[in-house]
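Beneath this line is the structure, given in structure tokens, with notes to follow.
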Amino acid sequence: MSYTTTLTVSPHGAGDALRTAAETDWAAAVDHRFVRELFAGTVDEAVLRTYVEQDYTFFTDFVALLGGCVATAPKPESKIRYATQLGMLAADEDTYFTRALEAVGGENLQRRQDAWKQPTRDFNRLMHDAAQSQNYAQMLTVLLVAEWLYLDWGERTDLGEPDSWLHLDWIDLHRGEDFRAWAQFLLDELEEVWPADKTEQDRLTNLFCECVAVERAFFDAAY
Ligand SMILES: Cc1ncc(CO)c(N)n1
Numbered sequence: 001m002s003y004t005t006t007l008t009v010s011p012h013g014a015g016d017a018l019r020t021a022a023e024t025d026w027a028a029a030v031d032h033r034f035v036r037e038l039f040a041g042t043v044d045e046a047v048l049r050t051y052v053e054q055d056y057t058f059f060t061d062f063v064a065l066l067g068g069c070v071a072t073a074p075k076p077e078s079k080i081r082y083a084t085q086l087g088m089l090a091a092d093e094d095t096y097f098t099r100a101l102e103a104v105g106g107e108n109l110q111r112r113q114d115a116w117k118q119p120t121r122d123f124n125r126l127m128h129d130a131a132q133s134q135n136y137a138q139m140l141t142v143l144l145v146a147e148w149l150y151l152d153w154g155e156r157t158d159l160g161e162p163d164s165w166l167h168l169d170w171i172d173l174h175r176g177e178d179f180r181a182w183a184q185f186l187l188d189e190l191e192e193v194w195p196a197d198k199t200e201q202d203r204l205t206n207l208f209c210e211c212v213a214v215e216r217a218f219f220d221a222a223y
């Protein structure tokens, strides 16, 4: 294991292999200029506007994907876990987006696909395909990237703390005990349903790496 994370990763499990396979893009995303400027409180307003506008379109796909997990998770307690997270997202995260869009003079682009940047389109497709697949391991693979990667930058303690709520609240949504427990749940869940079939393992590993590359590109696209 040659990476840092605040999650508990089984040394020879699927999560460890996935993370290792994606490490170059993962590390670049976690140390992206956007992340460093977010902690410094210095993200240019136009950059933050683009980021929040694009991310809000992604948010709806994300909610739909969690709905797919409610439908397909094998264990009843897992379905409830997703439902709890959906409630949190509908409250705290949607509120952040509403306030942030207003503060930066951003637009709700959810119905304006023409304004979506390429990584936004790519994410939309990845999430939509996963939700349509009815394949729980595929949904988890996409979700795990989104949450684990965000946790890894959110939990950075070496970059200071911003004063502005616009910066700080976005960080706070992606760190701390609750968000860490959520990402840990996704990782543990994927370990449990990880397929035995090598071809299927390879397919999910490629999907994981593709999602990580899109995460990195998503940050790039804000500039
Ligand atoms: C692009 C992107 N990836 C991950 C997250 C975390 O859910 C987010 N809000 N946006």
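In UniProt numbering, the protein residues as written are 1 to 223.
Beta carbons: idealized from backbone N, C-alpha and C, even for Gly.
Item checked: Buried versus exposed call for T42 [16 or more other C-beta atoms within 10 Å across all chains shown] -> Taking the first residue of the sequence shown as 1, we reach residue 42 at position 42. Burial is judged here by how many other beta carbons sit within 10 angstroms of a residue's own beta carbon; T42 has fewer than 16 and is exposed.
Margin query: Given 8 Å as the limit, tell me if D122 has its C-beta closer than that to any heavy atom belonging to ligand 1.
Written below: Counted from its first residue, the sequence shown places residue 122 at position 122. No, ligand 1 has no heavy atom inside 8 Å of this Cβ.
Next item on the list: Would you check if the distance between the CB atom of L151 and the CB atom of E189 is smaller than 9 Å?
Entry: Position 151 of the sequence shown, counted from the first residue, corresponds to residue 151. Position 189 of the sequence shown, counted from the first residue, corresponds to residue 189. Not closer than 9 Å, so no.
Notebook entry, point to check: Does the count of Cβ pairs from the stretch 55-63 and the stretch 176-184 closer than 8 Å reach three?
Noted result: Segments in contact, no.
Next item on the list: Using a threshold of 9 Å, state whether the C-beta atoms of Y82 and L101 are closer than that.
Entry: As a position in the sequence shown, residue 82 is number 82, starting the count at 1. As a position in the sequence shown, residue 101 is number 101, starting the count at 1. No. Outside cutoff.
Margin query: According to DSSP, simplified to helix, strand and coil, what is Q110?
Written below: The residue labelled residue 110 in the question sits at position 110 within the sequence shown. For Q110, the secondary structure class from DSSP, reduced to helix, strand or coil, is coil.
Checklist line | Inter-residue spacing [alpha-carbon to alpha-carbon] between L89 and V63 | finding: For the purposes of this step, residue 89 is taken as residue 89 along the sequence shown, with counting starting at 1. For the purposes of this step, residue 63 is taken as residue 63 along the sequence shown, with counting starting at 1. Rounded to whole angstroms, L89 to V63 spans 8 Å at the Cα level.
Check: Looking at C-alpha atoms only, which residue of A103, W165, S78 is the closest neighbour of V193?
Finding: For the purposes of this step, residue 193 is taken as the residue at position 193 of the sequence shown. Measuring from the Cα of V193, the nearest candidate turns out to be S78.
Notebook entry, point to check: Do V47 and L159 have their C-beta atoms within less than 9 Å of each other?
Noted result: Residue numbering aside, residue 47 sits at position 47 when the sequence shown is read from its first letter. Residue numbering aside, residue 159 sits at position 159 when the sequence shown is read from its first letter. No, the Cβ-Cβ distance between V47 and L159 is not below 9 Å.
Check: Any residues whose CB sits closer than 7 Å to a heavy atom of ligand 1? List them in chain order?
Finding: Having a Cβ closer than 7 Å to some heavy atom of ligand 1 are D55, F58, F59, F62, F123, A146, E147, L149, Y150, H174, E215, F218.
Check: Mind checking whether L143 and V214 have CB atoms under 9 Å apart?
Finding: The residue you call residue 143 lines up with position 143 of the sequence shown. The residue you call residue 214 lines up with position 214 of the sequence shown. Cβ distance not < 9 Å, so L143 and V214 don't count as in contact.
Next item on the list: Kindly list the residues whose CB is nearer than 7 Å to the CB of A183, restricted to its own chain and excluding five residues on each side of it in sequence; keep chain order.
Entry: Within the sequence shown, residue 183 is the residue found at index 183, counting from 1. Answer for A183: L7, E147, W148, L151, listed in chain order.
Next item on the list: Indicate the three-state DSSP secondary structure (helix, strand or coil) for A115 in the structure shown.
Entry: Mapped onto the sequence shown, residue 115 falls at position 115. Helix, per DSSP.
Checklist line | Through-space distance from R33 to A222, alpha-carbon basis | finding: On the sequence shown, position 222 is the one that residue 222 refers to. On the sequence shown, position 33 is the one that residue 33 refers to. Roughly 10 Å separates the two Cα atoms.
Check: Among F97, D31, A71, which one has its Cα closest to the Cα of E59?
Finding: Taking the sequence shown and counting its residues from 1, one reaches residue 59 at position 59. Per the sequence presented here, residue 59 reads as Phe, with Glu not at that position. Ranking F97, D31, A71 by CA distance to the CA of F59 puts F97 first.
Check: Taking the alpha-carbon positions, what's the Y51 to E161 distance?
Finding: Counting from 1 along the sequence shown, the entry for residue 51 is found at position 51. Counting from 1 along the sequence shown, the entry for residue 161 is found at position 161. Cα-Cα distance, rounded: 20 Å.
Check: Thinking C-beta only, is V9 closer than 9 Å to R19?
Finding: Your numbering for residue 19 matches position 19 in the sequence shown. Your numbering for residue 9 matches position 9 in the sequence shown. Result yes, Cβ atoms of R19 and V9 sit closer than 9 Å.
Next item on the list: Please state whether DSSP places A46 in a helix, a strand or coil.
Entry: Position 46 of the sequence shown, counted from the start, is the residue given in the question as residue 46. Helix, per DSSP.
Notebook entry, point to check: Which value, in whole angstroms, describes the spacing of the CA atoms of W170 and A73?
Noted result: Stepping through the sequence shown from its first residue, residue 170 is reached at position 170. Stepping through the sequence shown from its first residue, residue 73 is reached at position 73. About 28 Å.
Check: With distances taken between CB atoms, is the gap from G87 to A131 smaller than 9 Å?
Finding: In the sequence shown, residue 87 corresponds to position 87, counting from 1. In the sequence shown, residue 131 corresponds to position 131, counting from 1. Contact flag unset, no.
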